[in-house]
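Residue numbering for the sequence shown follows the numbering used here, beginning at 144 and increasing consecutively. Ideal placement from N, C-alpha and C gives every residue a C-beta, glycine not left out.
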Amino acid sequence: MRIYNFSAGPSMLPLPVLEQAAREMTDYNGSGMSVMEMSHRSPVYEAIINQTESDFRTLLGVPENYKVLFLQGGATTQFSAVPLNLMKTGKADYIVSGSFSGKAAKEAEKYGQVTVLASSKADNFTYVPYVDKFSPDADYVHICYNNTIYGTTFHYVPETGDIPLVADMSSYIMSQPVNVSDFGVIYAGAQKNMAPAGLTVVIVREDLLGFARPETPVMLDWKIQADNGSMYNTPPAYTIYVAGLVYKWLLGLGGLEEMKKINERKAKVLYDYLDQSKLFKPTAKKENRSLMNVCFVTGDPDLDKKFCSEAAANGFVNIKGHRSVGGMRASIYNAMPEEGVKALVEFMDKFERNNKQ
Ligand SMILES: *Cc1c(COP(=O)(O)O)cnc(C)c1O
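What follows is the structure, given as structure tokens:
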């Protein structure tokens, strides 16, 4: 039996994807072996990775002059790769809108001079700061597009002019269309909205390649990875295969325009309920509300705890907020069915009636 898993990551995968992976587990496409067992340099596997990249490009409309890299190490490894590849003069701007962008800025400080243009930390990261002025000599501007822990999303794309904009889209990618050419670099850990853990996708504009600092570890050098088709060493082969199944599933649904409509409907069900609830309060500022991570509290930590444990007992699991903030967080990525969100709201409503204050 499948239960509704609201985990922020690793998170739900579409059921048809899991079923197909299961069918192909021991014999992929007549090869007599599992994708797990295959040489990444075999023609069978080359066809898998090429199709995966091609479908990824189609879904996001990635322009020709961008490379797509399938790497390991998680989004956190890219916190280091970004400054190592892009800090030509040693200066970068960061907007800190949550814990991951704070970590990214801290990592970059090891390599150069970081200017934090704005931070919403003093307000518990309940909103995304608006910024329209940047350091003229910055090598890049870094943002985290969707703040997984606080449930906020950028409601604008910072206009950085000639300065490359770099975005961590780990919990946003594939949830709706993105205009890739607004960005110099986009990176995302796959385990939120694309695949099992182990894969990180980097989209990088070609003119930004080739400037890695001399001390850059070879595995973090985007140009070397691009020149080797993400196969400088063994790539996360099986995870890339599952990502490919997820991309096919998305294409089958009608692509990211369609996915966006579904995600907006799902989030609306939850936010509409929260907005009229007398027990639960959404924590993110309205204009920055995330469609992917919905955070809310009762205001009483004991009641929060009671809610999470009763929710779990009723088949709504992993709804506890991040350990650093408490409260609740329902992550409703692409694979969470609409029925799951509706069932959660019904359960919350019942809980509210049983716990009148
Ligand atoms: C989960 C997450 C990360 C960390 O990802 P890892 O793959 O575990 O390194 C970084 N940024 C965002 C926005 C995330 O959601």
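- Work out the CA separation of Thr232 and Tyr171 for me, nearest whole Å. Looking up residue 171 in the sequence shown gives position 28. Looking up residue 232 in the sequence shown gives position 89. Answer to the nearest angstrom: the Cα atoms are 48 angstroms apart.
- Query: Is the distance from the Cβ of Leu214 to the Cβ of Gln368 below 9 angstroms?
  - Reply: As a position in the sequence shown, residue 214 is number 71, starting the count at 1. As a position in the sequence shown, residue 368 is number 225, starting the count at 1. In contact: Leu214 and Gln368 (Cβ atoms closer than 9 angstroms).
- What are the boundary residues of the alpha helix (DSSP H) that includes Ile329? Here residue 329 is taken as the residue at index 186 of the sequence shown, counted from 1. Premise fails: Ile329 lies in the beta strand (DSSP E), 328-332, not in any alpha helix (DSSP H).
- So which residues touch the region around ligand 1, with touch meaning a C-beta under 6 angstroms from any heavy atom? Gly152, Gly217, Ala218, Thr219, Phe243, Cys287, Thr291, Asp311, Ser313, Ser314, Gly332, Lys335
- Query: Ile367 by DSSP, collapsed to three states: which one?
  - Reply: Position 224 of the sequence shown, counting from 1, holds the residue named residue 367. Note: Ile367 maps to helix in three-state DSSP.
- Any C-beta of chain B sitting closer than 9 angstroms to the C-beta of Gln334? Checking the listed chains, one finds no chain B in this structure; it contains a single protein chain.
- Item | Residue interval of the alpha helix (DSSP H) (run including Lys249) | The residue labelled residue 249 in the question sits at position 106 within the sequence shown. Run containing Lys249: 242-251, per the alpha helix (DSSP H) assignment.
- Query: When you compare only the Cα positions, how much space is there between Asp364 and Asp370?
  - Reply: Numbered from 1 along the sequence shown, position 221 holds the residue referred to as residue 364. Numbered from 1 along the sequence shown, position 227 holds the residue referred to as residue 370. Cα-Cα distance, rounded: 10 angstroms.
- Report yes or no: do three or more beta-carbon pairs, one from the region 384-394 and one from the region 453-465, lie closer than 8 angstroms? no
- Straight-line CA distance for Phe222 to Asn436? Looking up residue 222 in the sequence shown gives position 79. Looking up residue 436 in the sequence shown gives position 293. Cα to Cα, the separation comes out at about 22 angstroms.
- Strand pairing of Leu214, partner residues [DSSP]: Looking up residue 214 in the sequence shown gives position 71. Answer by DSSP bridge pairing, in chain order: Thr343.
- Message: Comparing C-alpha positions only, which one of Pro307, Ser197, Met337 sits nearest to Ile475?
- Response: As a working mapping, residue 475 is identified with position 332 in the sequence shown. The candidate whose alpha carbon is nearest that of Ile475 is Met337.
- Query: Pick from Gly255, Ala261, Asp492, Met179: whose alpha carbon is nearest that of Asp506?
  - Reply: Shown here, the chain extends from 144 to 500; a query on residue 506 therefore has no answer.
- Item | Those runs of the beta strand (DSSP E) which lie wholly inside the region 292-337 and span at least 3 residues | 308-311, 328-332
- What separation, rounded to the nearest whole angstrom, lies between the Cα atoms of Gly341 and Tyr330? In the sequence shown, counting from the first residue as 1, residue 341 sits at position 198. In the sequence shown, counting from the first residue as 1, residue 330 sits at position 187. Between Gly341 and Tyr330, the C-alpha separation is close to 14 angstroms.
- Using the C-alpha atoms, what's the distance from Ile306 back to Ala478? Locating residue 478 in the sequence shown gives position 335, where the first residue counts as 1. Locating residue 306 in the sequence shown gives position 163, where the first residue counts as 1. Ala478 and Ile306: Cα-Cα distance of roughly 35 angstroms.
- Task: Using alpha carbons as the reference points, say which of Glu430, Ser373, Glu302 lies closest to Arg184.
- Result: As a position in the sequence shown, residue 184 is number 41, starting the count at 1. The shortest C-alpha separation from Arg184 is found at Ser373.
- What number of angstroms, rounded off, separates the C-alpha of Ala355 from the C-alpha of Ser313? One-based indexing of the sequence shown puts residue 355 at position 212. One-based indexing of the sequence shown puts residue 313 at position 170. Between Ala355 and Ser313, the C-alpha separation is close to 23 angstroms.
- Query: Of the choices Val323, Pro378, Asn289, whose alpha-carbon is the least far from that of Glu180?
  - Reply: Counting from 1 along the sequence shown, the entry for residue 180 is found at position 37. It is Pro378 whose Cα lies nearest to the Cα of Glu180.
- Three-pair Cβ contact test at 8 angstroms for the region 285-299 versus the region 161-177: no
- Item | Segment limits, beta strand (DSSP E) that includes Leu260 | By one-based count along the sequence shown, residue 260 stands at place 117. Where Leu260 is concerned, the enclosing beta strand (DSSP E) stretches over 256-262.
- Take the Cβ of Ile192 as the centre, count every other Cβ of all protein chains shown within 10 Å, and call the residue buried at 16 or more, exposed below. Position 49 of the sequence shown, counted from the first residue, corresponds to residue 192. With 16 or more other Cβ atoms within 10 Å, it is buried.
- Item | Residues bridged to Lys403 [DSSP beta-bridge criterion] | Here residue 403 refers to the residue found at position 260 when the sequence shown is read from its first residue. BP columns for Lys403 are empty, so no partner.
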